[in-house]
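Visitor: In the numbering used here, the protein residues as written are 1 to 434.
Every residue gets a Cβ at the ideal spot worked out from N, C-alpha and C, and that includes glycine.
Before I ask anything, let me first share the structure, which is written out below as structure tokens.
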Amino acid sequence: MPGVRADLEALTAIPSVSLDSFDQTQVDLSAEAVAELLRAEGLSVEIVREGGRPAVIGHLPAPDGAPTVLLYAHHDVQPPGDEKDWDSPPFEPVERGGRLYGRGAADDKAGVMAHIAAIRAHDGRPPVGVTVFVEGEEEVGSDSLATILERHGDRLRADAIVLADSTNWDIGTPALTTTLRGMIRVVVSVRTLDHSVHSGMYGGPVPDAITALVRLLASLHDDKGTVAVKGLRGGNASDLGYDEARLRLESGLLDGVQVIGSGDLLSDLWTRPAITTIGIDAPSVDTASNTLAASARAKVSMRIAPDEDPREAYRLLQEHLREHTPWGAQLEVTLDDEGAGFSADASGPVQDQARAAFRDAWDGTEPVDIGVGGSIPFVAAFAERFPEAAILVTGVEDPDTRAHGANESLHLGEFERVCRAEAFLLDRLGRMGS
């Protein structure tokens, strides 16, 4: 583990932000670093590009009669945001209180190193064939993944696929992720005037675009905060004893702020739609003139049920927005991104071996099956490309990881258990094939 941690810190120090506005040579350096780590373990390695960021494919052939396991992670990371929000520089990994802080320390460079640790635990000779696939553009939508799966699918084919980009239920309790919500992201533009005008001269009978946009966005929820778009699917999650106190603690919900929605917290988090306004373009408070704004726009993120068709969800959202646009304002809705959800068959021999490996690594603690409210569209892409493979969605994160936010961190004790669990899993799957 000391060597694994040192390599993780070196990877985390590379600012491999895959957003176009950042230095993409750092993503190249990150891919090269991952490739070298895999080569050091004896894998044959290639860096591939199919119109996007570099992905790394490494392979160890299977012993006679043994299955092959595909291990997925991604080496690109989210932007750090405002560095003033961080307690230490985001690309200078540092340990505090048993956690390693840094952008990508958990999401998902720890996933990369968990795979490498499992191979090292078998001295580079695991009892199964291993293909490691480390993507370089997951954080910007995996645009070239479909092409990679099409052109390199034969090299990625496996009997079992471990996708290490999710979370565990809690510190000390491992989990398999069996459902993921899908997502739709749109840009909503509203225009009421062909140019901005004096708010005193025309305020009253003439509507401004910002107020029209605010009223439109408010229509997306009812008074209880439940999504008001008609026709969207929803389901019920299993009851794992998740209460409001835990939700408030993990989310940082302020005192006095109410929890919205139906009240069935895990269903609202995992299997029912959610809509969030994640950005607004309008004059800023500091620079605003005293005028009626002619136009305004917002970026809206909608999470959808695991079995919802993204295109149908987009149609329903468009229909709602058209019906609720106030005062005849001109409306434009542009699809920014979409991704399918995922619902796994949680039963089968590979899943049973995964749960047993978790018990081994967590000293007998029984794992749980969870859903995740976030969207990981590549999981559905793998399920479609390799329908015969058993898919395991695992992860290194925990409820306090703060992936994508300031002070992202990795619980080092849990990380060691994740590495052990994957090593045990390879061993168990090897014995299945013998």
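Give a yes or no on whether the C-beta atoms belonging to Phe358 and Pro349 are separated by under 8 angstroms.
Guide: The residue given as residue 358 occupies position 358 in the sequence shown. The residue given as residue 349 occupies position 349 in the sequence shown. Cβ atoms of Phe358 and Pro349: not closer than 8 angstroms.
Visitor: Return the residue from the list Leu316, Leu392, Glu414 that minimises the CA-CA distance to Lys230.
Guide: Taking the sequence shown and counting its residues from 1, one reaches residue 230 at position 230. When each option's Cα is compared against that of Lys230, the closest is Leu316.
Visitor: Determine the DSSP secondary structure at Ala31, reduced to helix, strand or coil.
Guide: Here residue 31 refers to the residue found at position 31 of the sequence shown. DSSP places Ala31 in helix when its eight states are reduced to three.
Visitor: Please classify Lys299: does DSSP put it in a helix, a strand, or coil?
Guide: As a working mapping, residue 299 is identified with position 299 in the sequence shown. Lys299: strand per DSSP, three-state reduction.
Visitor: Which of the three DSSP states is assigned to Ser409 in this structure?
Guide: Working through the sequence shown from its first residue, we reach residue 409 at position 409. Here Ser409 sits in strand by DSSP.
Visitor: Let me know if Gly136 comes out buried or exposed under the rule of 16 or more other beta-carbons within 10 Å of its beta-carbon.
Guide: What you label residue 136 is simply residue 136 of the sequence shown in a count that begins at 1. Looking at its Cβ environment, which holds 16 or more other Cβ atoms inside 10 Å, Gly136 is buried.
Visitor: Using beta-carbon positions only, say whether Ser18 and Glu150 come within less than 8 angstroms of one another.
Guide: Along the sequence shown, read from residue 1 onward, the residue named residue 18 stands at position 18. Along the sequence shown, read from residue 1 onward, the residue named residue 150 stands at position 150. Their beta carbons are not under 8 angstroms apart, which means Ser18 does not touch Glu150 by this criterion.
Visitor: So, helix, strand or coil for Leu392, using DSSP?
Guide: Counting from 1 along the sequence shown, the entry for residue 392 is found at position 392. In this structure, Leu392 counts as strand in the three-state DSSP scheme.
Visitor: With a Cβ-Cβ cutoff of 8 angstroms, do Ala158 and Ala389 count as a contact?
Guide: Taking the first residue of the sequence shown as position 1, residue 158 is located at position 158. Taking the first residue of the sequence shown as position 1, residue 389 is located at position 389. For Ala158 and Ala389, yes; Cβs fall inside 8 angstroms.
Visitor: Please list, in chain order, all residues of the same chain as Ser30 whose beta carbon is under 6 angstroms from its beta carbon, the five residues on each side excluded.
Guide: Translated into the one-based positions of the sequence shown, residue 30 becomes position 30. Answer for Ser30: Ile14, Ser16, His75, listed in chain order.
Visitor: Counting pairs of Cβ atoms below 8 angstroms between the region 200–216 and the region 255–269, do you hit three or more?
Guide: No, the region 200–216 is not in contact with the region 255–269.
Visitor: Unbroken alpha helix (DSSP H) runs of length 4 or more, entirely within the region 174–244: which are they?
Guide: Listed in chain order, the complete alpha helix (DSSP H) runs (minimum 4 residues) inside the region 174–244 are 199–202, 209–218.
Visitor: Starting from Ile304, follow its DSSP beta bridges and name the residues at the other end.
Guide: As a position in the sequence shown, residue 304 is number 304, starting the count at 1. Ile304 is bridged to Gly182.
Visitor: By a C-beta neighbour count over all protein chains shown, 10 Å radius and 16 as the cutoff for buried, is Arg322 buried or exposed?
Guide: For the purposes of this step, residue 322 is taken as the residue at position 322 of the sequence shown. Exposed, by the Cβ-count rule.
Visitor: Whole angstroms are fine: how far does the CA of Asp345 sit from the CA of Ser238?
Guide: The residue you call residue 238 lines up with position 238 of the sequence shown. The residue you call residue 345 lines up with position 345 of the sequence shown. Those two C-alpha atoms are separated by around 15 angstroms.
Visitor: Where does Thr334 sit, in a helix, a strand or coil, going by DSSP?
Guide: Residue 334 sits at position 334 when you count from the first residue of the sequence shown. If DSSP states are grouped into helix, strand and coil, Thr334 belongs with the strands.
Visitor: Around the C-beta of Ile119, are 16 or more other C-beta atoms found within 10 angstroms, so that it is buried, or is it exposed?
Guide: Start at 1 with the first residue of the sequence shown, and residue 119 comes out as number 119. It is buried - the Cβ of Ile119 has at least 16 other Cβ atoms within 10 Å.
Visitor: Could you compute how far the alpha carbon of Asp398 sits from the alpha carbon of Glu41?
Guide: Here residue 398 refers to the residue found at position 398 of the sequence shown. Here residue 41 refers to the residue found at position 41 of the sequence shown. Roughly 28 angstroms separates the two Cα atoms.
Visitor: Expressed to the nearest angstrom, what Euclidean distance is found between the alpha-carbon atoms of Gly474 and Phe378?
Guide: The displayed coordinates of the chain run from 1 to 434. Any statement about residue 474 would go beyond what the structure contains.
Visitor: Note down, in chain order, each residue of its chain lying with its Cβ closer than 8 angstroms to the Cβ of Glu83, except the 5 sequence neighbours on either side.
Guide: For this step, residue 83 is matched to residue 83 along the sequence shown. Within the same chain, Glu83 has close Cβ partners Pro89, Pro90.
Visitor: Taking only three categories from DSSP, how would you classify Phe386?
Guide: Here the question's residue 386 lines up with position 386 in the sequence shown. Three-state DSSP puts Phe386 in coil, outside helix and strand.
Visitor: Could you tell me whether any Cβ in chain D is nearer than 8 angstroms to the Cβ of Gly58?
Guide: In the structure shown, chain D cannot be found, because there is only a single protein chain.
Visitor: May I ask which residues mark the beginning and end of the beta strand (DSSP E) holding Phe133?
Guide: Stepping through the sequence shown from its first residue, residue 133 is reached at position 133. Taken as a continuous stretch (DSSP letters only), the beta strand (DSSP E) holding Phe133 covers 129–135.
Visitor: Apply the 10 Å Cβ neighbour rule to Ala288 and answer buried if 16 or more other Cβ atoms are within range, or exposed otherwise.
Guide: The residue labelled residue 288 in the question sits at position 288 within the sequence shown. Ala288 comes out exposed.
Visitor: Are Thr334 and Val186 touching if we call contact CB-CB under 8 angstroms?
Guide: In the sequence shown, residue 334 corresponds to position 334, counting from 1. In the sequence shown, residue 186 corresponds to position 186, counting from 1. Result yes, Cβ atoms of Thr334 and Val186 sit closer than 8 angstroms.
Visitor: Could you check the C-alpha separation between His198 and Val227 for me, to the nearest Å?
Guide: Against the sequence shown, residue 198 aligns to sequence position 198. Against the sequence shown, residue 227 aligns to sequence position 227. Taking the straight line joining both Cα atoms gives about 36 angstroms.
Visitor: For Leu254, count neighbouring Cβ atoms within 10 angstroms of its own Cβ and tell me buried if that reaches 16, exposed if not.
Guide: For the purposes of this step, residue 254 is taken as residue 254 along the sequence shown, with counting starting at 1. By the neighbour-count rule (16 or more Cβ atoms within 10 Å), Leu254 is not buried but exposed.
Visitor: With DSSP run on the structure shown, which of helix, strand or coil describes Ser44?
Guide: Against the sequence shown, residue 44 aligns to sequence position 44. Strand at Ser44.
Visitor: Within this structure, are the beta carbons of Ala164 and Gly395 separated by less than 8 angstroms?
Guide: Sequence index remark: in the sequence shown, residue 164 carries index 164 (1-based). Sequence index remark: in the sequence shown, residue 395 carries index 395 (1-based). Result yes, Cβ atoms of Ala164 and Gly395 sit closer than 8 angstroms.
Visitor: Beta-carbon within less than 7 angstroms of Gly124's beta-carbon, same chain only, minus the 5 sequence neighbours each way: which residues are those?
Guide: For the purposes of this step, residue 124 is taken as residue 124 along the sequence shown, with counting starting at 1. Glu41, Gly42.
Visitor: Identify every residue that forms a DSSP beta bridge with Glu397.
Guide: Here residue 397 is taken as the residue at index 397 of the sequence shown, counted from 1. Per DSSP, Thr167.
Visitor: What does the alpha-carbon distance come out to for the pair Ala293 and His324?
Guide: One-based indexing of the sequence shown puts residue 293 at position 293. One-based indexing of the sequence shown puts residue 324 at position 324. Their Cα atoms are separated by approximately 20 angstroms.
Visitor: Please classify Met113 as buried or exposed, where buried requires at least 16 other C-beta atoms within 10 Å of its C-beta.
Guide: Position 113 of the sequence shown, counted from the first residue, corresponds to residue 113. So Met113 ends up on the buried side.
Visitor: Are the beta-carbon atoms of Asn407 and Tyr101 separated by less than 8 angstroms?
Guide: In the sequence shown, counting from the first residue as 1, residue 407 sits at position 407. In the sequence shown, counting from the first residue as 1, residue 101 sits at position 101. Closer than 8 angstroms, so yes.
Visitor: Starting from the C-beta of Ile148, find all residues in its chain whose C-beta is less than 7 angstroms away, skip the five residues before and the five after it, and write them out in chain order.
Guide: Taking the sequence shown and counting its residues from 1, one reaches residue 148 at position 148. Hits under 7 angstroms: Val48, Glu50, Ala55.
Visitor: Going by DSSP, what residues sit across from Leu100 in a beta bridge?
Guide: As a working mapping, residue 100 is identified with position 100 in the sequence shown. Partner(s): Glu95, Leu410.
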